[in-house]
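Participant: If you scroll down you'll find the structure; I have some questions about it.
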Amino acid sequence: MRGIVQGVGFRPYVFQLANRNNLKGWVHNSAQGVSIEVEGEAVQVENFLKELQEKPPRLARIVSISSMPQELKGYHVFEIKKSSFGEERNVLISPDIAICDDCRREIATPEDRRYRYPFTNCTNCGPRFSIIKDVPYDRERTSMASFPMCLSCGQEYHDPADRRFHAQPTACYSCGPQVFLLDGNGKTIPGDWALEFKRLILAGKIVAVKGIGGVHLACDARNQEVITQLRRRKNRPAKPFAVMCHDMRVVRRFCLVSQEEARALQGPEAPIVVLKRKPENLLPQALAPNLDTLGVMLPYSPLHLMLFGRELDILVMTSGNIADLPLIKDNDAAIKELQGIADYFLLHDREIEHRCDDSLVRVIEGEIHFYRRSRGFTPKPIQIPDFGKELRLLGAGGEMKNAFCLVSGNQAFFSQHLGEINSLESMENYMLTLKNLQKLVNIEPQIIAHDLHPNYQVSELVKQLPVQRLIGVQHHHAHMAACMADNELSEEVIGVICDGTGYGADGRLWGFEVLTGDYLSFQRNIHLGYIPVPGGEAAVKNPVRMAITYLLWYLGQDGKELAHFLFPGRKGEVILTEKLLTSRINTPVSSSCGRLFDAVSALLNVCLENTYEGQAAIELGELIRPRILACYPFAIKDGIIHPANTIKGLVEDLLAGEDKRTIATKFQNTVSEMIVQAVARISETSSLKKVVLSGGVFQNPYLLQKTREGLCKKGFMVYGHRQVPANDGGLALGQAMVAYRRCVFDVFGGAGASNND
Numbered sequence: 071m072r073g074i075v076q077g078v079g080f081r082p083y084v085f086q087l088a089n090r091n092n093l094k095g096w097v098h099n100s101a102q103g104v105s106i107e108v109e110g111e112a113v114q115v116e117n118f119l120k121e122l123q124e125k126p127p128r129l130a131r132i133v134s135i136s137s138m139p140q141e142l143k144g145y146h147v148f149e150i151k152k153s154s155f156g157e158e159r160n161v162l163i164s165p166d167i168a169i170c171d172d173c174r175r176e177i178a179t180p181e182d183r184r185y186r187y188p189f190t191n192c193t194n195c196g197p198r199f200s201i202i203k204d205v206p207y208d209r210e211r212t213s214m215a216s217f218p219m220c221l222s223c224g225q226e227y228h229d230p231a232d233r234r235f236h237a238q239p240t241a242c243y244s245c246g247p248q249v250f251l252l253d254g255n256g257k258t259i260p261g262d263w264a265l266e267f268k269r270l271i272l273a274g275k276i277v278a279v280k281g282i283g284g285v286h287l288a289c290d291a292r293n294q295e296v297i298t299q300l301r302r303r304k305n306r307p308a309k310p311f312a313v314m315c316h317d318m319r320v321v322r323r324f325c326l327v328s329q330e331e332a333r334a335l336q337g338p339e340a341p342i343v344v345l346k347r348k349p350e351n352l353l354p355q356a357l358a359p360n361l362d363t364l365g366v367m368l369p370y371s372p373l374h375l376m377l378f379g380r381e382l383d384i385l386v387m388t389s390g391n392i393a394d395l396p397l398i399k400d401n402d403a404a405i406k407e408l409q410g411i412a413d414y415f416l417l418h419d420r421e422i423e424h425r426c427d428d429s430l431v432r433v434i435e436g437e438i439h440f441y442r443r444s445r446g447f448t449p450k451p452i453q454i455p456d457f458g459k460e461l462r463l464l465g466a467g468g469e470m471k472n473a474f475c476l477v478s479g480n481q482a483f484f485s486q487h488l489g490e491i492n493s494l495e496s497m498e499n500y501m502l503t504l505k506n507l508q509k510l511v512n513i514e515p516q517i518i519a520h521d522l523h524p525n526y527q528v529s530e531l532v533k534q535l536p537v538q539r540l541i542g543v544q545h546h547h548a549h550m551a552a553c554m555a556d557n558e559l560s561e562e563v564i565g566v567i568c569d570g571t572g573y574g575a576d577g578r579l580w581g582f583e584v585l586t587g588d589y590l591s592f593q594r595n596i597h598l599g600y601i602p603v604p605g606g607e608a609a610v611k612n613p614v615r616m617a618i619t620y621l622l623w624y625l626g627q628d629g630k631e632l633a634h635f636l637f638p639g640r641k642g643e644v645i646l647t648e649k650l651l652t653s654r655i656n657t658p659v660s661s662s663c664g665r666l667f668d669a670v671s672a673l674l675n676v677c678l679e680n681t682y683e684g685q686a687a688i689e690l691g692e693l694i695r696p697r698i699l700a701c702y703p704f705a706i707k708d709g710i711i712h713p714a715n716t717i718k719g720l721v722e723d724l725l726a727g728e729d730k731r732t733i734a735t736k737f738q739n740t741v742s743e744m745i746v747q748a749v750a751r752i753s754e755t756s757s758l759k760k761v762v763l764s765g766g767v768f769q770n771p772y773l774l775q776k777t778r779e780g781l782c783k784k785g786f787m788v789y790g791h792r793q794v795p796a797n798d799g800g801l802a803l804g805q806a807m808v809a810y811r812r813c814v815f816d817v818f819g820g821a822g823a824s825n826n827d
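Residue numbers for the sequence shown follow the working numbering, beginning at 71 and rising by one.
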C-alpha cells in the first residue's frame, strides 16, 4: 500500500480488518509504505482487499495497491510487525492533523488521566510532519523519541483495540512533553501556566506561544491598545492579524460563516479562513485595518484549547518572527529574537523538526482557494498530468511567498510556506527545508526549474545544486502552467495572468498578460500597455507615485495639474516623478495589473502606501458594490490594452464627486471586461475555448467571479486554482511542469526547446 498510510492509524485498521475476516499474517511499515501479508479463505481475502480500498481510515490516502500470490506459510495469528527500513523510500508523510473530538473530550473530562494535558493525541489527530525526522514513521524517528512511554501509554500503544494503538506521538503527564511559562528574561513563572497565561493576556500582555509548527505572538483580540502596541513592536503597521476563536459560537458572534467556511474551519487541516466581519461586531478595526474581513482559525491542538477561558474567547495569533525572517520554532531562538516584542514566553520541550506556518484559505463561490498552503496540507502530494516518463524535478519557486515543489512521476510535493527569500536566514531556511523534504519524499532532483529574473536570490541558490540540467521558466508561463496542472489539463489553453511583477521575455516587467500555449511553450498575444515605474521598487511601495505617473503618462499637462490638485501635500512627489519620467533613470517599464490597481487606490485616497505586498489592491477590493454593472471605456489595439480612457473617465467621476465605492466597482468591472474582450479576440483566431486564470490579482474574489461569469457567458470553460495558490506560492508547480514537458519532449526527439523561455 502506497500513499499517506503511516501515522494515520492504518496498521491498527488493517489488524482489525484482518481479524474480522479471520485472516492470518502480518502488517508493517516500511520505507515503501505499508506491507501486508494475509492468508485465509479466498472470499475473505477478497472482502479484505475490497474494504481496504473502499473504506480506508479517515486520514489515509491510498495512491496505489500492488499484490501478488504467495506460498501458504501457515500463520496462526495476524500481527503488527516491527517496521523495516530499506533504501527505497516511497511512503507519503501525513500532514499535521487538528485535534479530534475524542481527544477534545478527554482533556475536558476531570476523571480522565489526560485531563488538561496539552499534548493529548491519538491515531486520528496530532502532529505528524512537524515532528518527523525520517521514514518509516515510528516514534524513534520523531522528536518524541526523547520521551519514553510510561506503562499506561505503552499498554494503549500495544493494544489493537485501543484508539492509540501505534499512535507514535502518544503521551501523558507522566511521560510526555511539558509546558512552561517564562518572563521576558527567560525566568520560569511558577503556578498553573494556563491560568497565568490568561491572567497575563487579560492584563494586556503579549505572549509568545510555541505550538505545533512554530511560535505565535498572542494577545487579547479585544484590546485595541495591545494590538497597536504589537503592531509597533513588530513593525507591522497594517498587515492583517489572524485571530483564534475558542469555538464556532465565538466565530459566528463576530463573522458571517457559510457552510463551506464552517467546514473548512473545522476540518482536520484547520487553516486560517478569511471571513466577512459582521457590521455590528465590536472587535477593534486595528486587527485588519481598512478591511471588512478577518482571518480566523480554531484551536487545532490541546495546548491551544487550554489558552481560552470564560473571560477569554478570542486571541490574536500571528506568526512569531521578525519582519520577513523565517517563523521561529526553537525555545532559545524565541527568547533571543522576540525580546522586546513578547513580554512573556509560553514554551514546551518537544522539538519542532519542521517549522510550518498556518495555511490561509478563502471560500469563493463555494470553493476553497489557497492564499497560503502550509500546515495541515504539507507534504500531502498533488496529482499532476502523467507525461509517460518518470523524471525527478525541483521547481524553485519565486522570491515572494515562496514554496518550492519536488516532482516525481505524476506527483508534486510542495514545501510548506517559506515566505520571502531575501535574507541570509531565509536562504538558509530554504536550503534546510529542501534537504529535509528531499529526504522524506525520496526525491533527489535531476532537473531544476527556476524563474528568469536575474536578481532572484532563490534562483542563484538552486543553481549551486548538483543537477543534470537547469531550466529557466518565464514567470507568467509558470503561472499558466501551474493552473493547468492544478486542473490536470494538458491541451493548449488561453492563460490570463494578472499580478504585480514578473520578469518578461523581453527583459521588461510583465503583469497583465493574455497568453496562449501549453507546458512546452507560450505566446504573448495581448497585454496591458507598458507604463514607466519611476524609482522601480520605491514606486511599488508608493501607490501615490504610480497614480501621478498614470496621470502624467496618459493625460499630459492636464494630468500634471490634476496630480497637484489631487495630492496637494505631495508637490515634491509630483516634481520628482516628472523628473524620473523625463530622465528615465531607474525607471523600468511595466505592464503590471498590480501597479494599475495601486494607482487607482491612491487616486481614490484608499491606500497611499503599501506597507505589505498588495495592500493597495486589497483595500481597493473591499469597496465593491456588486449591483453596479457599469465600466469605463478602454481600447485594445495591436495586441495592447490601452487604459487612457479608463483613467480619464475615472478622474472625471472623481472630480464630479462620485462615491469612491462606485468608482472602485466600475474600475474592477473594467479590468474584468478588458480580460473578457481580450480572450474573445484571441479565441476568434485560435478557436481555443479553455481559459486558465492565475496570478495574485485573482485572489480578489469580486474580480475572479466577475471575470469567470463574463467568460462563461461567452461560452468559455474557465479554470482557477484549486490546490495551490494563484499567487507566487503556486509558481513552483508551473516551473516544474514546464521543465518536465520540455525534457520529455527532448528525450523523445521533438524539435527541442531552449533552456530559457
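By construction, the Cβ of each residue, glycine as well, lies at the ideal position given by its N, Cα and C atoms.
1) Going along the chain, which residues of its own chain have a beta-carbon closer than 8 angstroms to the beta-carbon of leucine 720, five neighbours each way excluded?
2) Can alanine 466 and valine 532 be called in contact, C-beta distance under 7 angstroms?
3) Can you name, in chain order, every residue of its own chain whose Cβ lies under 6 angstroms from the Cβ of serine 485, other than the five neighbours on each side?
4) Output yes or no for whether 7 angstroms exceeds the beta carbon distance between isoleucine 177 and threonine 190.
5) How far does the alpha helix (DSSP H) with glutamate 631 in it reach, from first residue to last?
6) Give a single yes or no on whether isoleucine 271 has its beta carbon closer than 6 angstroms to a heavy atom of the ligand SAH.
7) For the beta strand (DSSP E) containing serine 134, list its first residue and its last residue.
8) Express the C-alpha separation of arginine 302 and glycine 254 in angstroms, rounding to a whole number.
9) With DSSP as the reference, please indicate the residues paired to tyrosine 414 in a beta bridge.
10) Taking just the CA atoms, how far does arginine 443 sit from arginine 812?
11) Going by C-alpha to C-alpha distance, which of Ala308, Gly365, Val296, Ala552 sits closest to valine 327?
12) Which class does histidine 791 belong to by DSSP, given the choice of helix, strand or coil?
13) Can you list, in chain order, the stretches of the beta strand (DSSP E) that have 3 or more residues and sit fully within the stretch 554–618?
14) Put isoleucine 434 into one of helix, strand or coil per three-state DSSP.
15) Would threonine 732 count as contacting chain D if we go by Cβ distances under 7 angstroms?
16) Can you give me the start and stop residues for the alpha helix (DSSP H) that glycine 719 sits inside?
17) Measure from the alpha carbon of asparagine 351 to the alpha carbon of each residue in Cys325, Asn360, Met367, then state which is nearest.
18) Does DSSP put serine 100 in a helix, in a strand, or in coil?
19) Just list the residues that DSSP pairs aspartate 383 with in beta bridges.
20) Leaving out five residues on either side along the sequence, give the residues of the same chain with a beta carbon under 6 angstroms from the beta carbon of aspartate 383.
21) I'd like to check one pair, methionine 470 with glutamate 490: are the Cβ atoms closer than 7 angstroms?
22) Taking the straight line between their C-alpha atoms, what separation do you get for alanine 404 and arginine 420?
23) For the beta strand (DSSP E) holding serine 742, just list the boundary residues, first then last.
24) With three or more C-beta pairs closer than 8 angstroms as the rule, is the stretch 250–265 touching the stretch 341–355?
25) If we call anything under 7 angstroms between Cβ atoms a contact, is lysine 275 one with isoleucine 411?
26) Pick helix, strand or coil for serine 824, following the three-state DSSP scheme.
27) Use the C-beta contact count for cysteine 223: other C-beta atoms within 10 angstroms, 16 or more gives buried, fewer gives exposed.
28) From valine 814 to glycine 458, what distance separates their C-alpha atoms?
29) DSSP three-state call for leucine 476: helix, strand or coil?
30) Taking the alpha-carbon of valine 115 as reference, which of Asn91, Pro127, Ala130 has the nearest alpha-carbon?
31) Would you mind listing the beta strand (DSSP E) stretches within the stretch 679–708 that are 3+ residues and don't spill past its ends, in chain order?
32) Thinking C-alpha only, which one of Gly804, Lys151, Ile74, Leu725 is nearest valine 762?
33) In the DSSP assignment, find the beta strand (DSSP E) that holds isoleucine 150 and state where it starts and stops.
34) Using only CA atoms, which one of Lys143, Arg233, Lys203 lies nearest to aspartate 171?
35) For glutamine 486, which three-state DSSP category applies?
36) Using the beta-carbon count (16 or more within 10 Å), is threonine 740 buried or exposed?
Facilitator: So, to answer that:
1) Val670, Leu673, Tyr702, Ile733, Lys736, Phe737
2) yes
3) Ala473, Phe474, Thr503, Leu507
4) yes
5) 613–636
6) With respect to the ligand SAH, the structure shown offers nothing to examine, as it has no ligands at all.
7) 131–134
8) 18 angstroms
9) Val277
10) 27 angstroms
11) Gly365
12) coil
13) 563–573, 579–587, 592–598
14) strand
15) No chain D is part of this structure, which consists of one protein chain only.
16) 714–725
17) Cys325
18) strand
19) For aspartate 383, which the question treats as bridged, DSSP gives no partner whatsoever.
20) His316, Val320
21) yes
22) 14 angstroms
23) Serine 742 -> not in any beta strand (DSSP E); alpha helix (DSSP H) instead, spanning 730–756.
24) no
25) no
26) In this prediction, serine 824 scores a pLDDT of 41, lower than 50, which makes its location untrustworthy; the coordinate-derived value is nonetheless stated afterwards. In the structure shown, serine 824 sits in coil (DSSP, three-state: anything other than H, G, I, E or B).
27) buried
28) 8 angstroms
29) strand
30) Asn91
31) 705–707
32) Gly804
33) 148–150
34) Arg233
35) coil
36) buried
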